[in-house]
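So the structure is just underneath, and the comments pick up after that.
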Amino acid sequence: MKLLFNKTTVSVLLTVIVFSAFLSGCAKTNTGNNTNKTYTATAAGYGGDVTVEVALTEDGKIGNIKVDAPKETPELGGAAAPKVAEAIVSKQSLTVDTISGATVTSEAVIKAAEEALKKGGVDTEALK
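Written as structure tokens, this is what we have:
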């Protein structure tokens, strides 16, 4: 009887240890001080200032970029700015194509995004 108790105890303890090891890998960890934060920067566009707000994900990647370019020509720079921002997010890179006919605005979005990322502590050279 005592032998059975020892085998059962050992089996239960091993099961608890194994499950604890698996569950500890599921814990959420903080990867830096820039998690879930947004950073804003402005650059000169064709018609006026272009402001971007960059949101970083928990793992430090570019989660979203909002662009405010109210003085850009709506059909050109106004239409191009969100496309450039979308390209930066999808490629996770600052090396994206500019939009023909809206080169100045496109470059302003890229420059402002770079400055916002720097404020968030992101190594922007690694994104080029």
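Oh and the sequence shown: position 45 is 45 in full-length UniProt numbering, straight run, nothing missing.
Note that the Cβ used here is the ideal one computed from N, Cα and C, for glycine as well.
- Counting only the Cα atoms, I65 lies some 17 Å from K128.
- E53 is bridged by DSSP to T40, K66.
- For E115, the CB contacts under 6 Å within the same chain, skipping 5 residues up- and downstream, are A41 in chain order.
- In the DSSP assignment, T105 falls within the unbroken alpha helix (DSSP H) covering 103–119.
- Here T105 is buried: its Cβ has 16 or more other Cβ atoms, across all protein chains shown, within 10 Å.
- Excluding five sequence positions before and after G47, the CB atoms of its chain that fall closer than 7 Å to its own CB belong to K71, E72, T73, G77, given in chain order.
- Here V67 is near A85, since their CB atoms are less than 8 Å apart.
- Between A44 and A108 the beta-carbon gap is near 6 Å, inside 8 Å, which marks them as a contact.
- With fewer than 16 other beta carbons inside 10 angstroms of its own, A126 counts as exposed.
- K91 and D49 have their C-alpha atoms some 24 Å from each other.
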